[in-house]
Amino acid sequence: MTVPESRVTTCTNAPSREDGAFVLYWMVTSRRTRWNFGLQHAVDWAQRLNKPLLVLEALRSGYPWASDRIHRFVLDGMADNARRLQSTAATAYSYIEDERGAGSGLLEALGEQACVVIADEYPAFFIPRMIAAVAPRIGVRFEQVDSNGLLPLRASERVFPTAHSFRRHLQKTLPAHLAAIPDEDPLKGVDLPRLAGLPKPILERWPNAMDSLIAGDITLSELPIDHAVATVDMVGGAAEADRRLERFIDQRLDDYAELRNHPDHEATTDLSPYLHFGHVSTHEIFARLSAREDWDVDRLDADTSGKRSGWWGMSESAEALLDQLVTWRELGFNMCALAADYESYESLPGWAQTTLAEHERDHRPHLYTLAELERARTHDHLWNAAQTQLLREGRLHNYLRMLWGKRILEWSPTPRDALDVMIELNNKYALDGRDPNSYSGIFWCLGRYDRAWGPERPIFGKIRYMSSENTLRKLRLSEYLERYTP
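In the numbering used here, each number is its position in the sequence shown, counted from 1, plus 40.
Have a look at this one:
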């Protein structure tokens, strides 16, 4: 199947170059060799032109919050991809920037040799700015491919203010897109000309690190990144993502609806970092879930009113997972794709900005500095445990992430300060930070995708209130507190 036109965007007016040496796929954010519309589109081009396929996966050192933690996870995935590509018709090119800015010019140099350049589309973090800066300097046809979710980004023309309104849109729009899925393995059985090699000046300036990646010889301490944010035990890459997905489907799915909010139970997918770095595809998760549920599209409910459960025609737990994976995740992508100010305070709903402004001067019994919050030095032992999990493991339990943000609002001099702290801590320490879904969670704490709540409270105003005391009463937390109490 060819990639749907709704997922392909042309970034330059330049034509393709039929006498070029190869088709270049720049693996930016869909960092996987399976279930990948971007790779599939590049394979289509290579077959059409009968040219070699070069797959470039690069890692900059100068991106915001670059650290040992994030680099290690990405490098794990790069090694996975390099091993996989060795046995295919494509040629792998893995570049790791060893000095800030050293990778500048690589895309332009490869573009001079390429027939066409294909890159992943991703609507958040520095990626849109990077693509916009590079595109005018690529003197050949340059296309972006959206492989982010079940619904193409361009299937929505407006920003949706609530999950319910987006869910209603999904239920009306998504069925037409469910059959257009990426190939499970776009390189399987593909026969292409082999690339003899890249020009020596390119490889001398930007060495191919593929062999070092596969051998595990990349030394983080030699790279210009933040070494204070340590690596974690979670291994990156598509192979590990596949293992975790299989474990969830086989061992956790049945109890997901009942137990996912209770931190004492390991009931979640643990796939959020793998989704963020593109090591696993939403389409693959959906396919595996559909197979487990023996599901087909005929089971979709004709009622498209936006109900939270029952529309898919799956089990309670499967529907609960899809509401997180499709509704809430792709709601965040909708915001980032269509609202340039998605990470600014001014993007909050008007009612939220008004109520927060009215209570900005309220007395705050506890105020903590960024340094105190970062090191989990507050009076609240549950919040400290959540922050300790973030520091140690690069993740926060899904439910506790909401409480974590609400307490930061309560303990900050102003709501704007609270937003800055949440973004800094989440993006610095969370493996799934810097993601549309992360910004959804952070801004939800300040009213995005929510409504006004009563009674009106000090500091919060009409923003939904959460407390550690209520959370301790509602959730099973004894083992969690024992594990993560500093």
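Glycine included, each C-beta is placed from N, C-alpha and C at the ideal position.
Can you tell me which residues form a DSSP beta bridge with Gln-184?
Thr-49, Ala-159
Checklist entry - For the candidate residues Arg-441, Pro-226, Leu-396, whose alpha-carbon lies nearest to that of Gly-487? => result Leu-396
For this session: Sort out for me which residues DSSP pairs Val-95 with in a bridge.
Result: Tyr-65, Ala-132
Cα-Cα separation between Leu-150 and Ser-261, rounded to whole angstroms:
So the alpha carbons of these two residues sit roughly 29 Å apart.
Buried/exposed call for Lys-212, threshold 16 Cβ in 10 Å | exposed
Mind checking Ala-216: buried by the 16 CB within 10 Å criterion, or exposed?
-> Answer is exposed; the Cβ neighbour count stays below 16.
If you measure between the beta carbons of Ala-270 and Pro-44, is that distance less than 7 Å? no
For the putative contact between Ala-164 and Asp-475, defined by C-beta atoms under 8 Å, what is the C-beta separation to the nearest angstrom? 6 Å
- Message: Please give me, in chain order, every unbroken run of the alpha helix (DSSP H) with length at least 4 that falls completely inside the stretch 230–299.
- Response: 240–245, 250–255, 278–287, 296–299
### Query
Hey, which unbroken runs of the alpha helix (DSSP H) at 4 residues or more fall wholly within the stretch 305–330?
312–316
Return yes when the Cβ of Ala-175 is within less than 7 Å of the Cβ of Cys-376, no when it is not.
Here Cys-376 is not near Ala-175, since their CB atoms are 7 Å or more apart.
For Ile-503, which option in Arg-441, His-399, Asn-510 has the closest C-alpha, if you only look at C-alpha atoms? His-399
Across the stretch 437–449 and the stretch 492–510, are there enough close Cβ pairs to call them in contact, namely three or more that are closer than 8 Å?
yes
Can the beta-carbon of Met-118 be found closer than 7 Å to that of Leu-253? In this structure, Met-118 places its C-beta atom within 7 Å of the C-beta atom of Leu-253.
- [ ] Would you kindly work out how many angstroms separate the C-alpha atoms of Arg-74 and Asp-282, rounded to a whole number?
- [x] 11 Å
Exercise for review: Just mark Glu-137 as buried or exposed, buried being the case when its beta carbon has 16 or more other beta carbons within 10 Å.
Suggested key: buried
Close-in-space but distant-in-sequence residues of the same chain around Ala-297 (CB under 7 Å, 5 per side omitted): Glu-356, Ser-357, Ala-360
- Query: Val-83 lies in the alpha helix (DSSP H); which residues open and close that run?
  - Reply: 77–89
Is it true that the CB of Val-156 sits closer than 7 Å to the CB of Trp-85? yes
If the criterion is Cβ atoms closer than 7 Å, does the pair Asp-304 and Glu-519 meet it?
yes
- Message: Check for me: the alpha helix (DSSP H) holding Ile-499 runs from which residue to which?
- Response: First-last for Ile-499: undefined, no H or E at that position.
Note down the Cα distance separating Lys-514 from Asn-301, rounded to an integer number of angstroms.
10 Å
**Asked** Mapping DSSP to helix, strand and coil, what is Ala-154?
**Response** strand
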